[in-house]
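**Q** Those letters in the sequence shown? Residues 1 to 738, per full-length UniProt numbering, in order.
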Amino acid sequence: MSSPPSSDSDSVNLSSLSIHLPNGLGPSAFNLSPPPPCPIILNISMFLRDGSILDTATGDSMSGLGVNYSAVSKSIYALVSCPRRVWNGPWALLREVSTIPSALPDVDRVKIEAVMPKALLHADSARYKATYSLDDKEVVVENRKCEIKDIKLECIIGLHPHERGEKQRLEVDVEGGDVDWGKWDHKYFADQVYEFVSNSSYGTIESLIHSLGSHLLNLPILSTSPSSSVSITIRKPSAIPFAVPSITIHRTKSDYPLPTSSSSSSSSADKRIFIAVGSNIGDRVDNIHKAINELQNNGCQLKNTSRLYESEPMYVEDQDRFVNGVIEISTTLSPLDLLRLLKRTEKSVGRTKTFTNGPRVIDLDLIFYGTEQVKIGKRGDEPDEDGVGWLECPHKSLGEREFVLRPLADIAPNLVHPSLRQTIHQLLSRLPQTTPPPLQPIIPFSGPSKPLRLSTPSTPYIMSIFNATPDSFSDGDPARTDPSYALEAVEKLFEGDDHPDILDIGGMSTRPGSDPCTEEEEINRVIPLIQAVRSSSNDHLRHVPISVDTYRASVAKKAIEAGASLINDVRGGNESGMLEVMAESNVPVVLMHSRGDSKNMNSAEMTDYASYGGVVEGVKKELSDLVNKAIQSGVKRWNIILDPGLGFAKTHQDNLVLLKNLNKLIEGDLKGYPMLVGGSRKGFIGKTINKAKPTERSFGDAALNAHCALSGVVDVLRAHCHAEARDTVKMSIAVRDA
1 MSSPPSSDSD
11 SVNLSSLSIH
21 LPNGLGPSAF
31 NLSPPPPCPI
41 ILNISMFLRD
51 GSILDTATGD
61 SMSGLGVNYS
71 AVSKSIYALV
81 SCPRRVWNGP
91 WALLREVSTI
101 PSALPDVDRV
111 KIEAVMPKAL
121 LHADSARYKA
131 TYSLDDKEVV
141 VENRKCEIKD
151 IKLECIIGLH
161 PHERGEKQRL
171 EVDVEGGDVD
181 WGKWDHKYFA
191 DQVYEFVSNS
201 SYGTIESLIH
211 SLGSHLLNLP
221 ILSTSPSSSV
231 SITIRKPSAI
241 PFAVPSITIH
251 RTKSDYPLPT
261 SSSSSSSSAD
271 KRIFIAVGSN
281 IGDRVDNIHK
291 AINELQNNGC
301 QLKNTSRLYE
311 SEPMYVEDQD
321 RFVNGVIEIS
331 TTLSPLDLLR
341 LLKRTEKSVG
351 RTKTFTNGPR
361 VIDLDLIFYG
371 TEQVKIGKRG
381 DEPDEDGVGW
391 LECPHKSLGE
401 REFVLRPLAD
411 IAPNLVHPSL
421 RQTIHQLLSR
431 LPQTTPPPLQ
441 PIIPFSGPSK
451 PLRLSTPSTP
461 YIMSIFNATP
471 DSFSDGDPAR
481 TDPSYALEAV
491 EKLFEGDDHP
501 DILDIGGMST
511 RPGSDPCTEE
521 EEINRVIPLI
531 QAVRSSSNDH
541 LRHVPISVDT
551 YRASVAKKAI
561 EAGASLINDV
571 RGGNESGMLE
581 VMAESNVPVV
591 LMHSRGDSKN
601 MNSAEMTDYA
611 SYGGVVEGVK
621 KELSDLVNKA
631 IQSGVKRWNI
641 ILDPGLGFAK
651 THQDNLVLLK
661 NLNKLIEGDL
671 KGYPMLVGGS
681 RKGFIGKTIN
691 KAKPTERSFG
701 DAALNAHCAL
711 SGVVDVLRAH
721 CHAEARDTVK
731 MSIAVRDA
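In structure tokens, the structure reads:
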């Protein structure tokens with residue numbers, strides 16, 4: 001076999017040789033069989049054996065002409081356009097064409113490009129390229145590639161807000177090399193590019209093009225060969241006014257390494273194992289908690305949880321909304337044994353067989369078992385006594401299931417899918433972006449209350465303050481310590497249709513300078529009232545989520561047992577035993593930022609955030625510490641609500657700065673957590689509007705509530721007058737969303 005021509009070898013070229021194929025060349029744009037007649041354009045380069053046209057140039061006559069390109073073109077035209085020829089694909093055509101110039105004594109090597117301009121719906125052309133040489137009188141192919149040229153499509157692309165609101169046009173060139181040409185189908189390849197990019201919503205071209213490379217290299221037509229490669233160019237014509245920017249990459253499988261485990265013999269306990277949880281029948285949140293308890297009682301250790309989301313049903317839409325989440329566990333069970341446990345747990349919680357994708361009391365799906373790709377049985381296999389029929393993990397449809405990807409991204413955004421070789425964040429960003437999104441996070445109240453569905457941007461729910469205390473700064477009343485009197489006062493809050501979304505009951509004042517009551521006094525004020533509310537004849541009151549405002553673990557525990565739905569802790573779980581009660585209770589909790597106690601919280605020492613660079617960073621860092629401590633103690637991520645703690649260990653200016661920067665408090669590690677703000681009637685409002693009496697601060701409260709509503713990041717507003725707060729929120733949201 002002759003050596004390859006050098007980069008400066010002379011060549012004789014035929015460009016744009018247009019030929020009509022009477023019998024077509026498949027696959028066609030519509031996959032018609034047989035393919036319809038079509039045009040083809042050939043570009044041919046003939047490299048000379050001695051590397052030079054010097055002999056012809058010296059003789060300057062027909063007698064010395066080494067390659068007669070006119071004769072070559074006529075022969076090729078006659079071969080290709082013959083009405084009797086039916087070509088078995090582009091490669092068969094190229095090889096036959098190559099035999100004509102290869103037979104010339106002066107031609108050492110031939111490079112041919114066949115352009116199929118009508119082969120694809122969304123692209124300019126499919127272009128087949130190959131180099132041929134003569135070896136012992138046999139034509140040998142040395143290099144084959146296929147390029148899809150100028151795929152035109154639209155998608156969301158860009159980092160700026162105006163770019164996220166409207167699809168932009170992109171142009172894509174993509175070339176595959178060293179692939180399984182026996183399986184090659186340019187239409188399938190082009191459709192994969194079109195669908196992937198059209199459904200994506202990346203911020204940068206760099207991220208999009210790299211992820212596209214991973215996707216293509218995992219297609220069956222490329223994945224079987226370790227030397228497969230892709231070259232991709234993406235152009236963004238609308239990016240800048242006077243030029244067209246583009247990015248080009250060249251990728252092989254080595255550019256997308258699989259994640260490695262610590263050792264090939266690592267135990268199941270060393271692997272990251274994720275289970276999707278869901279329910280849409282009965283008390284959905286309680287069903288999920290029961291299932292988790294069952295898993296923990298059977299040797300599984302709960303390591304992490306996502307947020308919980310409410311989602312519309314997928315595939316079969318005529319059923320109630322699902323509550324979905326993802327948990328990470330540690331277990332020594334094998335995939336098959338774990339699957340058996342999941343099926344037994346589903347049965348224990350109450351799941352009965354309905355139909356595929358139908359309603360279910362509980363759904364537990366093993367979605368990742370370390371980096372392993374697990375296949376047990378096949379779809380359609382009859383289940384055994386444990387309900388185990390087949391398992392595919394990760395499931396092949398995982399990439400289209402937002403109800404799995406979104407909660408999984410809460411706890412493992414950088415987890416790499418072992419076969420798709422993309423991170424969970426990348427897979428999620430490929431899904432269509434809709435308004436409102438198909439999944440909405442919830443505050444996961446369970447019976448007798450129902451979950452509260454959060455929105456993006458946030459529309460705050462109203463938490464009504466009820467202090468069963470004689471000495472609270474705004475509404476303290478000795479008579480309220482009597483449960484019967486207190487119940488009558490609470491019932492007045494629920495007269496008519498405009499009632500609070502959450503009722504916050506407190507039995508001890510935490511105002512600056514106050515003296516704490518005894519634990520017994522707090523219990524006697526709070527517990528009978530919660531029990532009375534849960535027994536009320538008022539249906540709204542009986543089912544309202546009840547928050548217990550306490551930092552004492554014993555009070556919180558008894559309040560949950562009496563029917564409370566939420567623990568609102570002004571000390572963020574820092575008191576002894578509180579985090580354990582929060583974890584065991586399986587209810588939402590408010591972790592509020594504070595320092596010190598009622599006696600010293602406003603001292604110079606407690607209000608000094610200089611070491612953090614200011615109050616915003618200080619509160620953010622200390623809230624993050626509270627969250628991490630809570631999760632490590634077993635509090636589920638989906639139960640955590642954050643409160644910046646206005647008025648607690650903050651100067652007057654600190655409170656205003658925090659309000660101005662609410663959005664910064666839920667960035668980074670705290671992104672995604674719901675936020676509660678409780679500034680109602682507090683001293684910094686009185687100082688700002690010059691109102692000494694707390695009950696005269698309604699207009700200041702309205703301004704604060706409007707600001708929180710307009711911020712789009714506050715999910716719950718704690719207020720003394722829920723009706724006024726709701727009216728303020730309604731008006732603010734109407735203006736914001738107009």
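Every residue gets a Cβ at the ideal spot worked out from N, C-alpha and C, and that includes glycine.
Return helix, strand or coil for I465, following the three-state DSSP convention.
**A** The residue you call residue 465 lines up with position 465 of the sequence shown. Looking at I465 - three-state DSSP - the assignment turns out to be strand.
**Q** Within the continuous alpha helix (DSSP H) that includes S75, where are the two ends?
**A** Position 75 of the sequence shown, counting from 1, holds the residue named residue 75. Looking at the DSSP string, the run of the alpha helix (DSSP H) that includes S75 is 69-80.
**Q** Can you tell me whether F274 is helix, strand or coil according to DSSP?
**A** Stepping through the sequence shown from its first residue, residue 274 is reached at position 274. Residue state, collapsed to three classes: strand.
**Q** On the three-state DSSP scale, how would you describe M606?
**A** Along the sequence shown, read from residue 1 onward, the residue named residue 606 stands at position 606. DSSP places M606 in coil when its eight states are reduced to three.
**Q** Measure the beta-carbon distance from T345 to L295 and round it to whole angstroms, keeping in mind my assumption that it falls under 8 Å.
**A** Counting from one through the sequence shown, the residue named residue 345 turns up at place 345. Counting from one through the sequence shown, the residue named residue 295 turns up at place 295. Between L295 and T345 the Cβ distance is about 6 Å, and since that is below 8 Å, they are a contact.
**Q** Tell me, please, whether the stretch 23-31 touches the stretch 182-193 by the rule of three or more beta-carbon pairs shorter than 8 Å.
**A** Counting Cβ pairs under 8 Å, three or more are found: they touch.
**Q** Label M1 either buried or exposed according to how many other C-beta atoms from any shown protein chain fall within 10 Å of its C-beta, with 16 as the threshold for buried.
**A** The sequence position of residue 1 within the sequence shown is 1, counting from 1. For M1, the pLDDT reaches just 42, beneath the cut-off of 50, and the residue's location in the model is therefore unreliable, leaving the point undetermined.
**Q** Taking C-alpha atoms, which residue in I232, L222, I221 lies nearest to L208?
**A** Numbered from its first residue, the sequence shown carries residue 208 at position 208. Of the candidates I232, L222, I221, the one whose C-alpha sits nearest the C-alpha of L208 is I232.
**Q** Would you mind sorting T260 into buried or exposed? The rule is 16 or more other CB atoms within 10 Å of its CB.
**A** Along the sequence shown, one-based indexing puts residue 260 at 260. Unreliable positioning characterises T260 in this predicted model, as indicated by a pLDDT of 43, which lies under 50. A coordinate reading is not provided.
**Q** Taking C-alpha atoms, which residue in I148, E113, P105 lies nearest to D124?
**A** Counting from 1 along the sequence shown, the entry for residue 124 is found at position 124. For the residues I148, E113, P105, the minimum Cα distance to D124 belongs to I148.
**Q** Leaving out five residues before and five after H722 in sequence, what residues of the same chain have Cβ atoms less than 6 Å from its Cβ?
**A** In the sequence shown, residue 722 corresponds to position 722, counting from 1. Here the set comprises I462, S464, P500.
**Q** Given this structure, state the Cα-to-Cα distance separating A738 from A703, to the nearest angstrom.
**A** Counting from one through the sequence shown, the residue named residue 738 turns up at place 738. Counting from one through the sequence shown, the residue named residue 703 turns up at place 703. Rounded to the nearest angstrom, the two C-alpha atoms are 19 Å apart.
**Q** Assuming the contact rule is C-beta atoms closer than 8 Å, residue 741 and L408 should be a hit. Round their C-beta distance to whole Å, please.
**A** Given a span of 1 to 738 for the chain in the structure shown, any question on residue 741 remains unanswerable.
**Q** Identify whether N600 lies in helix, strand or coil by the three-state DSSP scheme.
**A** For the purposes of this step, residue 600 is identified with residue 600 of the sequence shown, where counting begins at 1. Note: N600 maps to coil in three-state DSSP.
**Q** Tell me which residue opens and which closes the beta strand (DSSP E) that E138 is part of.
**A** Working through the sequence shown from its first residue, we reach residue 138 at position 138. Unbroken beta strand (DSSP E) run through E138: 138-155.
**Q** My understanding is that E80 touches M46, with C-beta atoms under 8 Å, so please give their C-beta distance in whole angstroms.
**A** Counting from 1 along the sequence shown, the entry for residue 80 is found at position 80. Counting from 1 along the sequence shown, the entry for residue 46 is found at position 46. The question names Glu, but residue 80 in the sequence shown is Val. That pair is no contact at about 17 Å.
**Q** Which residue marks the beginning of the beta strand (DSSP E) containing S732, and which one marks its end?
**A** Taking the sequence shown and counting its residues from 1, one reaches residue 732 at position 732. Here S732 belongs to no beta strand (DSSP E); instead the alpha helix (DSSP H) covers 722-736.
**Q** Helix or strand or just coil, what does DSSP make of H216?
**A** Sequence index remark: in the sequence shown, residue 216 carries index 216 (1-based). His is not the amino acid found at residue 216; the sequence shown has Leu there. Helix at L216.
**Q** Alpha carbons only, please: which of D549, L431, Q433 is nearest the one belonging to A468?
**A** Mapped onto the sequence shown, residue 468 falls at position 468. The residue with the shortest Cα to Cα distance from A468 is D549.
**Q** What residues match up with E171 in a beta bridge as DSSP calls it?
**A** The residue labelled residue 171 in the question sits at position 171 within the sequence shown. Looking at the DSSP assignment, E171 forms a beta bridge with K152, R235.
**Q** Can you tell me which of P117, E138, D498, R421 puts its alpha carbon nearest to the alpha carbon of P101?
**A** As a first step, residue 101 must be located in the sequence shown, where it is residue number 101. It is E138.
**Q** Could you tell me if V729 is buried or exposed, where buried requires 16 or more neighbouring beta carbons within 10 angstroms of its beta carbon?
**A** Here residue 729 is taken as the residue at index 729 of the sequence shown, counted from 1. Buried, because 16 or more other Cβ atoms sit within 10 Å of the Cβ of V729.
**Q** Pop quiz: L676 and V590 are said to be a contact at Cβ under 8 Å. What is the actual Cβ separation, rounded to whole angstroms?
**A** Walking along the sequence shown from the start, residue 676 turns up at place 676. Walking along the sequence shown from the start, residue 590 turns up at place 590. That pair is a contact at about 6 Å.
**Q** Please report how far the alpha carbon of L415 lies from the alpha carbon of S229, in whole angstroms.
**A** Reading the sequence shown from its first residue, position 415 is the one you call residue 415. Reading the sequence shown from its first residue, position 229 is the one you call residue 229. Cα-Cα distance, rounded: 24 Å.
**Q** Looking at the strands, I want to know which residues DSSP matches up with C393.
**A** For this step, residue 393 is matched to residue 393 along the sequence shown. According to DSSP, which records beta bridges pairwise, C393 is partnered with V374.
**Q** Is it a yes or a no for the stretch 302-310 touching the stretch 318-330, going by three-plus beta-carbon pairs under 8 Å?
**A** Because the criterion of three Cβ pairs below 8 Å is met, the stretch 302-310 and the stretch 318-330 touch.
**Q** P674: buried (16+ other C-beta within 10 angstroms of its C-beta) or exposed?
**A** The residue labelled residue 674 in the question sits at position 674 within the sequence shown. So P674 ends up on the buried side.
**Q** So N199 and L431 are in contact, right, with Cβ under 8 Å, and what is the actual spacing, rounded?
**A** Your numbering for residue 199 matches position 199 in the sequence shown. Your numbering for residue 431 matches position 431 in the sequence shown. With 8 Å as the limit, N199 and L431 qualify as a contact, their Cβ atoms being about 7 Å apart.
**Q** Using only the alpha-carbon positions, how far apart do T248 and S458 sit?
**A** Taking the first residue of the sequence shown as position 1, residue 248 is located at position 248. Taking the first residue of the sequence shown as position 1, residue 458 is located at position 458. Their Cα atoms are separated by approximately 40 Å.
**Q** So, using beta-carbon positions, are residue 771 and R718 closer together than 8 Å?
**A** The structure shown has nothing for residue 771, since the chain only spans 1 to 738.
**Q** Leaving out the 5 sequence neighbours to the left and right, which residues in its chain are closer than 6 Å to A276 when beta-carbon positions are compared?
**A** Locating residue 276 in the sequence shown gives position 276, counting from the first residue. If we look at A276 and ignore the five residues flanking it on each side, its Cβ neighbours are V326, D365, I367, V404.
**Q** How would you write the range of the beta strand (DSSP E) that Q301 sits in, first residue to last?
**A** By one-based count along the sequence shown, residue 301 stands at place 301. Run containing Q301: 301-305, per the beta strand (DSSP E) assignment.
**Q** Please return the same chain residues whose Cβ sits closer than 7 Å to the Cβ of V615, not counting the five positions on each side in sequence.
**A** The sequence position of residue 615 within the sequence shown is 615, counting from 1. Once the five neighbours on either side are set aside, the close Cβ partners of V615 are Y609, K650, D654, V657, L658.
**Q** Helix, strand or coil, according to DSSP, for A649 in the structure here?
**A** Numbered from its first residue, the sequence shown carries residue 649 at position 649. Residue state, collapsed to three classes: coil.
**Q** Could I get the ranges of all uninterrupted beta strand (DSSP E) runs contained in the stretch 1-46, with 3 residues as the minimum, in chain order?
**A** DSSP runs (the beta strand (DSSP E)) wholly in the stretch 1-46: 11-21.
**Q** Going by the CB atoms, is the gap between V244 and N287 shorter than 8 Å?
**A** Numbered from 1 along the sequence shown, position 287 holds the residue referred to as residue 287. Numbered from 1 along the sequence shown, position 244 holds the residue referred to as residue 244. Against a cut-off of 8 Å, the Cβ pair of V244 and N287 comes out as no contact.
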